[in-house]
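*Asks:* For reference, the structure I am asking about is given below.
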Amino acid sequence: MARRRTGPSETVRELVYQRDGGQCARCGSAHLLTIHHRVNRGMGGAREAWINRPENLLMACTTCNGWFEDHPGESYEAGWKVRRPQRPDEVPVRYPGGRLYRLTRDGVRVMAVAVAR
1 MARRRTGPSE TVRELVYQRD GGQCARCGSA HLLTIHHRVN RGMGGAREAW
51 INRPENLLMA CTTCNGWFED HPGESYEAGW KVRRPQRPDE VPVRYPGGRL
101 YRLTRDGVRV MAVAVAR
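Residue 1 is where the sequence shown starts when you use my numbering, and the numbers rise one by one after that.
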């Protein structure tokens, strides 16, 4: 039986790479980049179509990709990770320099307005 592909398409990967400027969304590195899912796929992948759409994906260097798992509190606070049932397009992401952006389904990032707590 053929193995089911669980990751984003090459078109989506390229869109995310371009949106993030070919840099890690946390530290800005351009080395050893990988695709990071903000909402975890879970073991064996996920069946939801949105899981591999641009609003749920970030470019991350391998160091930061591991850091997201080791520091979940900070990762959720910065939007690098998103908890279910939240939608990734509703949770802004902090990029290098501290600016917050909402990520759209069409692969664009839009500056978010910070909300006072």
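No residue lacks a Cβ here, since even glycine has one placed at the ideal position from N, Cα and C.
Which residues in the same chain have their Cβ closer than 8 Å to the Cβ of residue 41, if we skip the five residues on either side of it in sequence?
*Replies:* One-based indexing of the sequence shown puts residue 41 at position 41. Residues of the same chain with a CB within less than 8 Å of the CB of residue 41, apart from the 5 flanking positions on each side, are 6 and 51 in chain order.
*Asks:* Could you have a look at residue 32 and say whether DSSP puts it in helix, strand or coil?
*Replies:* One-based indexing of the sequence shown puts residue 32 at position 32. In this structure, residue 32 counts as coil in the three-state DSSP scheme.
*Asks:* With 16 as the cutoff for other CB atoms within 10 Å, does residue 72 come out buried or exposed?
*Replies:* For this step, residue 72 is matched to residue 72 along the sequence shown. With fewer than 16 other Cβ atoms within 10 Å, it is exposed.
*Asks:* Which whole runs of the beta strand (DSSP E) in the region 81-108 are 3 residues long or more, in chain order?
*Replies:* 100-103
*Asks:* Whole-angstrom Cβ separation of residue 80 and residue 19, contact assumed at under 8 Å?
*Replies:* Mapped onto the sequence shown, residue 80 falls at position 80. Mapped onto the sequence shown, residue 19 falls at position 19. Actually they do not touch by this definition, with Cβ atoms about 15 Å apart.
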